[in-house]
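J.: Offset between the sequence shown (1-based) and this note's numbering: plus 235.
Here it is: the structure, laid out below.
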Amino acid sequence: MMRPCGILDRGEFLVFSDLPLARRIEAAEAANARGCTAIHAEAATLDVAGGCAVFVGAESPLSHAVGIGLNGPVTEAEIDRLEAFFRSRGGKVAIELCPLADAGILATLGGRGYRVTEFNNVLVKRLAGAAIVLTPRVRRALADETDVWSHTVGRGFFEEHELTTEEMDVGRAICAMPGALCYLAVTESGELAGGAAAAVYSGLATLFADSTIAHHRRTGLHRELIAARLHEALAQGCDLATASTLPGSGSQRNYERMGFAVVYTRVTLEG
Numbered sequence: 236m237m238r239p240c241g242i243l244d245r246g247e248f249l250v251f252s253d254l255p256l257a258r259r260i261e262a263a264e265a266a267n268a269r270g271c272t273a274i275h276a277e278a279a280t281l282d283v284a285g286g287c288a289v290f291v292g293a294e295s296p297l298s299h300a301v302g303i304g305l306n307g308p309v310t311e312a313e314i315d316r317l318e319a320f321f322r323s324r325g326g327k328v329a330i331e332l333c334p335l336a337d338a339g340i341l342a343t344l345g346g347r348g349y350r351v352t353e354f355n356n357v358l359v360k361r362l363a364g365a366a367i368v369l370t371p372r373v374r375r376a377l378a379d380e381t382d383v384w385s386h387t388v389g390r391g392f393f394e395e396h397e398l399t400t401e402e403m404d405v406g407r408a409i410c411a412m413p414g415a416l417c418y419l420a421v422t423e424s425g426e427l428a429g430g431a432a433a434a435v436y437s438g439l440a441t442l443f444a445d446s447t448i449a450h451h452r453r454t455g456l457h458r459e460l461i462a463a464r465l466h467e468a469l470a471q472g473c474d475l476a477t478a479s480t481l482p483g484s485g486s487q488r489n490y491e492r493m494g495f496a497v498v499y500t501r502v503t504l505e506g
């Protein structure tokens, strides 16, 4: 029997995709975005339209707006402020938009020439009754392993052995987030193979920065990275965990194997 779109079904556990859930997820994403500004002298944040905009550098993937439009209509004046925030710093405007945002924002952004550049599926798992899974190849990154973690995760993302300073800085910013939990995956021989991060916000665990170096993929390491972070989420009393993936990706399949399901698709618009 087919299930309605937006419902996660795991036995008696259901998570409905609705506005309160979206607000909770997007608020956690906004908190993570703000946290990534800790080590950058030129970083800035702007609270706008019920969400926030974060600037961490003109070319940084961490520079974006998130969570806007979930508290009602977004005015032209608010979009003016958002655009001025990025453009005055030499950056492009990138908005990660939840589909449960006020519908009028699409017409506003469309009239300004914004275009869709990416989709990301947002997945959720209810943690009540979650099983404990052994994760022998995953450990927490040590306090002095910021560059080790940043390089390992960066190699998986950028698929290069040598990383630029800007690429390393993405990982360093994540490690510097208040409350960030960073993990490393290591092979049986001790070789660094991948990494990931998590953060907890009001009982919701956000799982992000998942990365496995190319020749270590399809060995189950990513699922161990997911499981290790779920264990921590349970230990911290979280009731839900969430993650975002590219639609149809290997990462999405691994999250689904671990009991997650898609609750909505976030779209990135640039203008």
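Virtual Cβ for every residue (Gly too), placed ideally from N, Cα, C.
1) Beta strand (DSSP E) containing His299: first to last residue?
2) Taking the alpha carbon of Ala365 as the point to measure from, which residue in Phe251, Ala478, Glu467 and Val502 has its own alpha carbon closest?
3) Can you list, in chain order, the residues of its chain with a C-beta nearer than 6 Å to that of Ser479? Leave out the 5 residues immediately preceding and following it.
4) May I ask which residues mark the beginning and end of the beta strand (DSSP E) holding Gly389?
5) Out of curiosity, what's the CA-to-CA distance linking Glu397 and Arg390?
6) Could you give the first and the last residue of the continuous alpha helix (DSSP H) run that contains Thr399?
7) Got a sec? Which residues, its chain only, sit under 8 Å from Leu256 by beta carbon, not counting five neighbours each side?
8) At what residues does the beta strand (DSSP E) containing Arg372 begin and finish?
9) Three Cβ pairs or more, each shorter than 8 Å: is that satisfied between the region 399-413 and the region 376-390?
10) Below 8 Å CB to CB, which residues in the same chain sit around Ala273 once its five sequence neighbours on both sides are set aside?
11) Please state the DSSP three-state secondary structure of Thr310.
12) Look at the alpha carbon of Phe426 and the alpha carbon of Val328, and state the distance between them as a whole number of angstroms.
13) Whole-angstrom Cβ separation of Ala432 and Ala415, contact assumed at under 8 Å?
14) For the beta strand (DSSP E) holding Leu504, just list the boundary residues, first then last.
15) Can you look up Arg245 in the DSSP assignment and give me helix, strand or coil?
16) Where does Gly270 fall in DSSP's three states?
17) Please report the Cβ distance between Val388 and Glu459, rounded to the nearest whole angstrom; I am assuming they are in contact, meaning their Cβ atoms lie under 8 Å.
T.: From the atom records:
1) Here residue 299 refers to the residue found at position 64 of the sequence shown. His299 to Val301 is the extent of the beta strand (DSSP E) around His299.
2) Position 130 of the sequence shown holds residue 365. The candidate whose alpha carbon is nearest that of Ala365 is Glu467.
3) In the sequence shown, the residue the question calls residue 479 occupies position 244. Closer than 6 Å at the Cβ level, and outside the excluded window around Ser479, lie Asn355 and Val357.
4) As a working mapping, residue 389 is identified with position 154 in the sequence shown. Gly389 -> not in any beta strand (DSSP E); alpha helix (DSSP H) instead, spanning Thr381 to Phe393.
5) The residue given as residue 397 occupies position 162 in the sequence shown. The residue given as residue 390 occupies position 155 in the sequence shown. Rounded to the nearest angstrom, the two C-alpha atoms are 8 Å apart.
6) Your numbering for residue 399 matches position 164 in the sequence shown. Careful: Thr399 lies outside any alpha helix (DSSP H) and carries neither H nor E.
7) As a working note, residue 256 is residue 21 in the sequence shown. The residues are Val250, Val359 and Val498.
8) Within the sequence shown, numbered from 1, the residue matching residue 372 stands at position 137. No beta strand (DSSP E) contains Arg372, which DSSP labels as neither H nor E.
9) yes
10) On the sequence shown, residue 273 is found 38 positions in, with the first residue counted as 1. If we look at Ala273 and ignore the five residues flanking it on each side, its Cβ neighbours are Ala408, Ala411, Met412 and Pro413.
11) Stepping through the sequence shown from its first residue, residue 310 is reached at position 75. Coil at Thr310, not helix or strand.
12) On the sequence shown, position 191 is the one that residue 426 refers to. On the sequence shown, position 93 is the one that residue 328 refers to. Contrary to the premise, residue 426 reads as Glu rather than Phe in this sequence. So the two alpha carbons sit approximately 39 Å from each other.
13) Locating residue 432 in the sequence shown gives position 197, where the first residue counts as 1. Locating residue 415 in the sequence shown gives position 180, where the first residue counts as 1. Contact holds; Cβ gap of about 6 Å.
14) As a position in the sequence shown, residue 504 is number 269, starting the count at 1. Where Leu504 is concerned, the enclosing beta strand (DSSP E) stretches over Ala496 to Glu505.
15) Here residue 245 refers to the residue found at position 10 of the sequence shown. Confidence in Arg245 is poor, its pLDDT being 43 and thus under 50, which makes the residue's placement unreliable; the coordinate value appears in the next sentence. DSSP places Arg245 in strand when its eight states are reduced to three.
16) Counted from its first residue, the sequence shown places residue 270 at position 35. DSSP places Gly270 in helix when its eight states are reduced to three.
17) Within the sequence shown, numbered from 1, the residue matching residue 388 stands at position 153. Within the sequence shown, numbered from 1, the residue matching residue 459 stands at position 224. With 8 Å as the limit, Val388 and Glu459 do not qualify as a contact, their Cβ atoms being about 15 Å apart.
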